[in-house]
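Each remark here refers to the structure printed beneath this line.
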Amino acid sequence: MARPVHLLHDSRTLARMIGAETPCCEQVAISTAGPMKVFASFVDGNPLSGAWLVDLDAPSSRIVGWSGTLAEEPFGDEPRTWMRAGHERFARFLDEVAPALRTHGRTLCFRPHHRHVLGDVHASVKLLRERAGEPFEVLLSPCDLLAPSMLGTVEDHLVRMFAHLGPVSAAVLLGDVRAGAATEESGLLEPCAAGEGSVPLSLLGKLLSDHVPPETPVILPADAQGRLREALGL
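As structure tokens, this is what we get:
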């Protein structure tokens, strides 16, 4: 069977196209085959801030969001995020939102990031194990889990991500990143065109084949799908 492919579109652009005044999410992943269907709605915001809200008019039952941080900035470097304080705050958040998600038939799919409470493979797998049966999922987004210090051994890190998260993730979000002018100061990589960064596309194709079930969807940036689809054989 052909692997499902979805393209990630900016919701503001789509809202203008259909005459909506305000988009109810930041991005939407839309199918590329068959009838147009929204696979997931992507939202921003920090769940650990105490002021995280989701518009229930979002056009998908699957909501993709960050796991959050104790830092003041969305991707700030705050070690407490990965310590007891961060994990306890995250557990309270899960307990608080689970009943509403069930009531409204929604699933919250977390997009791990190396600066957030779900900051690595271990934390992501632990969530799925401890919250099995609850309305929570994980999105495998390798570029978000890569820190600048990992670039020297990027292939080893990618193999580990796919080996542990590939079989259990709701979907895989692919792209490319590289060190930029602000990376040394910020500690963050920057997105770039596929094939121009530090993520070897040929390895991604192999890891998809080896570790990700064929029915698991792949999400690609709408403006980068051509090169990625060709390189990944999608």
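Following our numbering, the numbering of the sequence shown begins with 47 at its first residue and continues without gaps. Beta carbons are placed, not taken as given, at the ideal position from N, Cα and C, and that holds for glycine.
- Query: Can you tell me whether residue 222 is buried or exposed, with buried defined as 16 or more other CB within 10 angstroms of its CB?
  - Reply: Position 176 of the sequence shown, counted from the start, is the residue given in the question as residue 222. It counts as buried.
- When the Cα atoms are used, what is the spatial distance from residue 129 to residue 79? Looking up residue 129 in the sequence shown gives position 83. Looking up residue 79 in the sequence shown gives position 33. Each residue's Cα considered, the two are about 43 Å apart.
- Query: So residue 210 packs on residue 191, CB below 8 Å; how close in whole Å?
  - Reply: Here residue 210 is taken as the residue at index 164 of the sequence shown, counted from 1. Here residue 191 is taken as the residue at index 145 of the sequence shown, counted from 1. The pair is not a contact, with the Cβ atoms about 11 Å apart (cut-off 8 Å).
- Query: For residue 139, does the three-state DSSP call read helix, strand or coil?
  - Reply: Locating residue 139 in the sequence shown gives position 93, where the first residue counts as 1. Note: residue 139 maps to helix in three-state DSSP.
- Buried/exposed call for residue 158, threshold 16 Cβ in 10 Å: The residue labelled residue 158 in the question sits at position 112 within the sequence shown. Label assigned to residue 158: buried.
- Query: Exposed or buried, which one is residue 162 when buried takes at least 16 other CB atoms within 10 Å?
  - Reply: Along the sequence shown, one-based indexing puts residue 162 at 116. By the 10 Å Cβ count, residue 162 comes out buried.
- Task: Check each candidate in 82, 101, 105 and 138 and name the one with the smallest Cα separation from residue 113.
- Result: Position 67 of the sequence shown, counted from the first residue, corresponds to residue 113. Closest option to residue 113, Cα to Cα, is 138.
- Give every residue of the same chain whose Cβ lies closer than 6 Å to the Cβ of residue 98, excluding the five residues on either side of it in the sequence, and list them in chain order. By 1-based counting over the sequence shown, the position of residue 98 is 52. Around residue 98: 91.
- Limits of the unbroken alpha helix (DSSP H) element including residue 190: Counting from 1 along the sequence shown, the entry for residue 190 is found at position 144. It spans 188-191 - the alpha helix (DSSP H) in which residue 190 sits, taken as one unbroken run.
- Query: Taking the runs of the alpha helix (DSSP H) that are 4 residues or longer, which of them lie wholly in the region 166-211?
  - Reply: 167-176, 188-191 and 200-211
- Message: Please classify residue 151 as buried or exposed, where buried requires at least 16 other C-beta atoms within 10 Å of its C-beta.
- Response: Along the sequence shown, read from residue 1 onward, the residue named residue 151 stands at position 105. Result: exposed.
- Output the boundary residues of the alpha helix (DSSP H) element that contains residue 111. Stepping through the sequence shown from its first residue, residue 111 is reached at position 65. Counting along the chain, no alpha helix (DSSP H) covers residue 111; the unbroken beta strand (DSSP E) around it starts and ends at 108-111.
- Measure the Cβ-Cβ separation of residue 264 and residue 247 and say whether it is below 8 Å. For the purposes of this step, residue 264 is taken as residue 218 along the sequence shown, with counting starting at 1. For the purposes of this step, residue 247 is taken as residue 201 along the sequence shown, with counting starting at 1. It is not a contact, given that the beta carbons lie outside the stated cut-off.
- Query: In terms of residues, what are the limits of the alpha helix (DSSP H) holding residue 256?
  - Reply: Within the sequence shown, the letter at position 210 stands for residue 256. Residue 256 -> alpha helix (DSSP H) spans 247-257.
- Query: Could you give the residue range of the alpha helix (DSSP H) that holds residue 232?
  - Reply: Within the sequence shown, residue 232 is the residue found at index 186, counting from 1. For residue 232, the enclosing alpha helix (DSSP H) starts and ends at 229-232.
- Spatial neighbours of residue 122 in its chain, beta-carbon cut-off 8 Å, leaving aside the 5 residues before and after: Here residue 122 corresponds to residue number 76 of the sequence shown, with the count starting at 1. Excluding sequence neighbours, residue 122 sits near 115 and 161.
- Item | DSSP state of residue 57 mapped onto helix, strand, coil | On the sequence shown, residue 57 is found 11 positions in, with the first residue counted as 1. Three-state DSSP puts residue 57 in a helix.
- Message: Once DSSP output is grouped into helix, strand and coil, what is the label at residue 64?
- Response: Here residue 64 refers to the residue found at position 18 of the sequence shown. Because residue 64 carries a pLDDT of 47, less than 50, the predicted location of this residue cannot be relied on, and the following value inherits that uncertainty. Helix.
- Query: So is residue 259 buried or exposed if we call it buried at 16+ other beta carbons inside 10 Å?
  - Reply: In the sequence shown, the residue the question calls residue 259 occupies position 213. Residue 259 comes out exposed.
- Message: In whole angstroms, give me the CA-to-CA distance for residue 64 and residue 111.
- Response: To locate residue 64, count along the sequence shown from 1; it is residue 18. To locate residue 111, count along the sequence shown from 1; it is residue 65. Because residue 64 carries a pLDDT of 47, less than 50, the predicted location of this residue cannot be relied on, and the following value inherits that uncertainty. One C-alpha to the other measures close to 24 Å.
- Ignore the nearest five residues each way along the sequence and tell me which others in residue 283's own chain have a CB closer than 8 Å to its CB. The structure shown does not extend to residue 283, since the chain is modelled only from 47 to 280, so the question has no answer here.
- Starting from residue 86, follow its DSSP beta bridges and name the residues at the other end. Position 40 of the sequence shown holds residue 86. Bridge partners of residue 86: 75.
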